[in-house]
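A.B. asks: In this note's numbering, the protein residues as written are 20 to 185.
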């Protein structure tokens, strides 16, 4: 399926494939988070996953999530601005609240201050916040797994300065 969609088997699968049961569980989790009935909009999910990937310095994840963000948002504007979202007018207040939360949750150790929680609650209910936290947690797992194994970008959404094997 990956070969058909991307033209190649994705690099992380070469590692996850060594433990098929674990890969299956991870794939189920991703499938749930990316379901159509998610309380989080697809663009927001991709935005959060891209930002977490950047924070974790995962070349492959930045590449893959940037591609999905570009597809979902209809262009590269948000992809190119996500690292500097605080200084960009491209992001809504809802997206800003979610991005601030993603950064706080991704910090080691995670520290979510009261202002971040208040801003988040303006736009998201408990169900959405729970799912957002799970999405951020998953992307941390994925990005840290790939970064630890030095899995390179595959040039899916090639941008200047990224390490790639494409």
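Note that beta-carbon positions come from the ideal geometry of N, C-alpha and C, so glycine has one too.
From residue 127 to residue 159, what distance separates their C-alpha atoms?
C.D. replies: Between residue 127 and residue 159, the C-alpha separation is close to 11 Å.
A.B. asks: In angstroms with no decimal places, state the Cα-to-Cα distance between residue 111 and residue 97.
C.D. replies: Looking at the two C-alpha atoms, the distance is approximately 11 Å.
A.B. asks: Just the C-alpha distance for residue 129 and residue 59, rounded to the nearest angstrom, thanks.
C.D. replies: Roughly 21 Å separates the two Cα atoms.
A.B. asks: Out of 140, 45, 42 and 153, point me to the one whose CA is closest to residue 113's CA.
C.D. replies: That would be 140, whose Cα lies nearest to the Cα of residue 113.
A.B. asks: Skipping 5 residues on each side, what residues in its chain have a beta carbon closer than 7 Å to that of residue 162?
C.D. replies: Same-chain partners within the cutoff: 71, 72, 75, 77 and 80.
A.B. asks: I'd like the span of the alpha helix (DSSP H) that includes residue 173, first residue to last.
C.D. replies: First-last for residue 173: undefined, no H or E at that position.
A.B. asks: Please report how far the alpha carbon of residue 143 lies from the alpha carbon of residue 135, in whole angstroms.
C.D. replies: Roughly 12 Å separates the two Cα atoms.
A.B. asks: Going by beta carbon distance, what residues of the same chain come within less than 7 Å of residue 168, once the five residues before and after it are set aside?
C.D. replies: Excluding positions up to five away in sequence, the list reads 34.
A.B. asks: Nearest to residue 171 by CA position, among 83, 36, 153 and 148, is which residue?
C.D. replies: Nearest of 83, 36, 153 and 148 to residue 171, Cα basis: 83.
A.B. asks: CA-CA distance, residue 38 and residue 29?
C.D. replies: Approximately 16 Å, taken between the alpha carbons.
A.B. asks: Is it the case that the Cβ atoms of residue 64 and residue 154 are separated by a distance below 8 Å?
C.D. replies: Contact flag set, yes.
A.B. asks: Could you have a look at residue 215 and say whether DSSP puts it in helix, strand or coil?
C.D. replies: Outside the shown range of the chain (20 to 185) lies residue 215, about which nothing can therefore be said.
A.B. asks: How many Å lie between residue 120 and residue 137 at the Cα?
C.D. replies: About 10 Å.
A.B. asks: Helix, strand or coil for residue 181 per DSSP?
C.D. replies: Caution is warranted here: a pLDDT of 42 is assigned to residue 181, below 50, making its placement in the model unreliable, and the coordinate value is therefore given only provisionally. DSSP places residue 181 in coil when its eight states are reduced to three.
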